[in-house]
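Student: The C-terminal residue of the sequence shown carries number 74 in numbering that gives the first Met the number 0, and the numbering is unbroken.
Even for Gly, the Cβ is constructed at its ideal location relative to N, Cα and C.
The structure displayed is predicted, hence computed values, not measured ones.
Below is the structure I would like to discuss, written out as structure tokens.
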Amino acid sequence: MGVLAIGVLGYLLGLWNATLELNEKGFYGMSFVLSLFAIITVQKNIRDLTNNDDPDKQLETTYQNLIRVSHVTDY
Numbered sequence: 000m001g002v003l004a005i006g007v008l009g010y011l012l013g014l015w016n017a018t019l020e021l022n023e024k025g026f027y028g029m030s031f032v033l034s035l036f037a038i039i040t041v042q043k044n045i046r047d048l049t050n051n052d053d054p055d056k057q058l059e060t061t062y063q064n065l066i067r068v069s070h071v072t073d074y
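This is the structure we're talking about:
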């Protein structure tokens, strides 16, 4: 976690000191945030797939989770 914090701090410091327009800095900042989200999502999907050897069971569990989430979000 410490390495991630150092990397994020270095990126933000470099972006702050860059001679770019504000809209370009915003673009690079949001690109970085979305990249972090993508990395975490892929890592979690790989972890979930490697923990479960039966793909049919994994699909069934995913379907049940989607149904449970859809019931929670109904008003």
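DSSP on M29, reduced to helix/strand/coil?
Tutor: Locating residue 29 in the sequence shown gives position 30, where the first residue counts as 1. In this structure, M29 counts as helix in the three-state DSSP scheme.
Student: I need the straight-line Cα distance from N44 to F31, nearest angstrom please.
Tutor: In the sequence shown, the residue the question calls residue 44 occupies position 45. In the sequence shown, the residue the question calls residue 31 occupies position 32. Each residue's Cα considered, the two are about 20 Å apart.
Student: Given Y27, which residues of its chain have a CB within under 7 Å of its CB, disregarding the five upstream and five downstream residues?
Tutor: The residue labelled residue 27 in the question sits at position 28 within the sequence shown. Cβ neighbours of Y27 beyond the five flanking positions: L14.
Student: Kindly list the residues whose CB is nearer than 7 Å to the CB of A17, restricted to its own chain and excluding five residues on each side of it in sequence; keep chain order.
Tutor: Mapped onto the sequence shown, residue 17 falls at position 18. Once the five neighbours on either side are set aside, the close Cβ partners of A17 are K24.
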